[in-house]
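Chemist: The UniProt record's numbering puts the sequence shown at residues 1 to 253.
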Amino acid sequence: MNCTDINLDEPAVISMSIDRSEDAPLYTQITKAIASSIRSGELVPGQLLENEVSLAARLEVSRPTVRRAFQDLVNMGLVVRKRGAGTRVTPEHVRRPLGLTSLDEDLKGAGYTTSTEVLSYSVALADEELAQRLKCDPGTEVVTIVRVRLANGTKLALMHNILPSSIAPSLTEISSEGLYATLRKNGVELYSAMQTIGARNATPGEAELLDLEPGAALLTMHRDAYDSQGNIVEVGDHVYDASQYTFNSSLYA
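#1: In chain order, which beta strand (DSSP E) runs of at least 3 residues are fully inside the segment 103-169?
#2: Hey, A124 and L134: beta-carbon distance below 8 Å or not?
#3: List the DSSP bridge partners of Y226.
#4: Any beta carbon from chain C within less than 8 Å of G153's own beta carbon?
#5: Kindly indicate the opening and closing residues of the alpha helix (DSSP H) around G86.
#6: Evaluate R20 with the Cβ neighbour count: other Cβ atoms within 10 Å of its Cβ, from every protein chain shown; 16 or more gives buried, anything less gives exposed.
#7: Run the CB neighbour count on T65, radius 10 Å, all protein chains shown included, and call it buried at 16 or more, exposed below.
#8: Can you check the segment 7-94 for any beta strand (DSSP E) of at least 3 residues that lies completely inside it and give the ranges in chain order?
#9: Go ahead and label T182 buried or exposed: buried means 16 or more other beta carbons lie within 10 angstroms of its beta carbon, across all protein chains shown.
#10: Does the pairing of the segment 109-116 with the segment 147-157 give three or more beta-carbon distances under 8 Å?
#11: Do L73 and T28 count as a contact pair if the criterion is CB distance below 8 Å?
#12: Kindly indicate which three-state DSSP category A202 falls into: helix, strand or coil?
#13: Taking the Cβ atom as the reference point for each residue, do L55 and L8 lie within a distance shorter than 8 Å?
#14: What's the gap between the Cα of S175 and the Cα of V118?
#15: Whole angstroms are fine: how far does the CA of K82 sit from the CA of L212?
#16: Using the beta-carbon count (16 or more within 10 Å), is T246 buried or exposed?
#17: To the nearest angstrom, how far is it from the Cα of P164 to the Cα of L26?
#18: Which term fits G236, buried or exposed, when burial requires 16 or more other beta carbons within 10 angstroms of its beta carbon?
#19: Judging by CA-CA distance, which residue of K155, T220, E177, E60 is the nearest neighbour of A199?
#20: Looking at the secondary structure, which residues open and close the alpha helix (DSSP H) in which L210 lies?
#21: Which whole-angstrom value describes the C-beta separation of H222 and L158, a residue pair presumed to lie in contact below a C-beta threshold of 8 Å?
#22: With respect to the alpha helix (DSSP H) encompassing E173, which residues constitute its N-terminal and C-terminal limits?
#23: Which partner residues does A242 have in the DSSP bridge list?
#24: Can you grab the Cα-Cα spacing for the pair L78 / L130, in whole Å?
#25: One question on the structure: do Y226 and S192 come within less than 8 Å of each other, judged by their Cβ atoms?
Below you can see the structure in the form of structure tokens.
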């Protein structure tokens with residue numbers, strides 16, 4: 001059966017049994033059975049799994065036993081759990097090459113349909129700390145934009161961007177277009193960037209905004225982008241759902 005023939009939102013009922021004569025803990029048997037089904041291709045990326053209550057009742061085990069098995073599968077990177085959305089086989093990752101492009105551009109280039117939720121768009125005067133980051137004078141008017149980026153309808157990234165108001169896109173523009181596409185359209189020549197990539201766990205607020213479990217793994221990116229004159233165009237702090245997202249780079253000797 002092709003993946004396209006499978007209803008990913010129909011909970012998958014895996015054929016498995018529990019051997020109570022084994023020394024192995026019950027949750028380990030469940031973990032191994034589901035992991036085997038994923039690795040064999042019986043369960044496909046993005047497929048919804050049977051819920052804790054149903055699986056526990058069917059196998060005649062406790063819910064904490066099933067929950068422990070699911071958590072082990074999460075730790076193995078085989079499934080993801082999202083609040084209110086159940087447990088799914090880990091979807092195929094968005095693989096992003098490292099370059100001076102926006103997330104929107106990279107997603108569209110990879111064939112994804114993108115959309116944006118603008119959480120806030122605010123104008124303020126830069127204090128000394130922010131002015132130092134943007135290499136501008138204190139009191140310079142700046143725009144702060146907070147967005148959630150979606151790929152094929154799934155929340156992927158939470159993005160904070162700060163720009164001088166003189167080049168910042170309007171709320172209407174940023175709601176429908178990528179940041180860098182809008183900047184280029186408005187005559188800003190992006191030239192280079194300093195970028196730092198890391199990883200950490202989601203805060204409760206981030207988890208809520210991205211529909212993740214509290215403490216879920218995130219990839220982080222901090223970027224200072226410059227124009228051809230050496231002026232900072234934007235300062236960005238982004239976090240990405242690590243279960244769906246990968247940075248790719250090529251290295252040469």
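In this text, a Cβ means the ideal position worked out from N, Cα and C, and glycines have one as well.
Modeler: Let me lay it out:
#1: 114-125, 141-151, 154-164
#2: Residue 124 sits at position 124 when you count from the first residue of the sequence shown. Residue 134 sits at position 134 when you count from the first residue of the sequence shown. Not a contact, by the Cβ cut-off of 8 Å.
#3: For this step, residue 226 is matched to residue 226 along the sequence shown. For Y226, the pairing in a beta bridge is given by DSSP as S192, I232.
#4: In summary, chain C is missing from the structure at hand, where a single protein chain is found.
#5: Here the question's residue 86 lines up with position 86 in the sequence shown. Looking at the DSSP string, G86 is not in any alpha helix (DSSP H); the run it does join, the beta strand (DSSP E), is 86-89.
#6: As a position in the sequence shown, residue 20 is number 20, starting the count at 1. Label assigned to R20: exposed.
#7: Taking the sequence shown and counting its residues from 1, the one referred to as residue 65 is at position 65. T65 is buried by the Cβ-count criterion.
#8: 79-82, 86-89
#9: Taking the sequence shown and counting its residues from 1, the one referred to as residue 182 is at position 182. Label assigned to T182: buried.
#10: Judged by Cβ distances under 8 Å, the segment 109-116 makes contact with the segment 147-157, as three or more pairs qualify.
#11: Looking up residue 28 in the sequence shown gives position 28. Looking up residue 73 in the sequence shown gives position 73. Not in contact: T28 and L73 (Cβ atoms no closer than 8 Å).
#12: As a position in the sequence shown, residue 202 is number 202, starting the count at 1. A202 falls in the coil class under three-state DSSP.
#13: Counting from 1 along the sequence shown, the entry for residue 55 is found at position 55. Counting from 1 along the sequence shown, the entry for residue 8 is found at position 8. No. Outside cutoff.
#14: In the sequence shown, residue 175 corresponds to position 175, counting from 1. In the sequence shown, residue 118 corresponds to position 118, counting from 1. Their Cα atoms are separated by approximately 6 Å.
#15: Counted from its first residue, the sequence shown places residue 212 at position 212. Counted from its first residue, the sequence shown places residue 82 at position 82. If I take the Cα positions, the gap works out to 5 Å.
#16: Counting from one through the sequence shown, the residue named residue 246 turns up at place 246. The residue in question, T246, is exposed, as its Cβ has fewer than 16 Cβ neighbours within 10 Å.
#17: By 1-based counting over the sequence shown, the position of residue 164 is 164. By 1-based counting over the sequence shown, the position of residue 26 is 26. When rounded, the distance between both Cα atoms is 58 Å.
#18: As a position in the sequence shown, residue 236 is number 236, starting the count at 1. Residue environment analysis places G236 among the buried positions, since at least 16 neighbouring C-beta atoms fall within 10 angstroms of its C-beta.
#19: Your numbering for residue 199 matches position 199 in the sequence shown. Ranking the options by Cα distance to A199, first place goes to T220.
#20: Numbered from 1 along the sequence shown, position 210 holds the residue referred to as residue 210. Here L210 belongs to no alpha helix (DSSP H), and DSSP marks it neither H nor E.
#21: Here residue 222 refers to the residue found at position 222 of the sequence shown. Here residue 158 refers to the residue found at position 158 of the sequence shown. Contact flag wrong, Cβ pair sits at about 13 Å.
#22: Working through the sequence shown from its first residue, we reach residue 173 at position 173. Run containing E173: 171-176, per the alpha helix (DSSP H) assignment.
#23: For the purposes of this step, residue 242 is identified with residue 242 of the sequence shown, where counting begins at 1. A242 pairs with nothing; no bridge assigned.
#24: On the sequence shown, position 78 is the one that residue 78 refers to. On the sequence shown, position 130 is the one that residue 130 refers to. Between L78 and L130, the C-alpha separation is close to 41 Å.
#25: Within the sequence shown, numbered from 1, the residue matching residue 226 stands at position 226. Within the sequence shown, numbered from 1, the residue matching residue 192 stands at position 192. A contact, by the Cβ cut-off of 8 Å.
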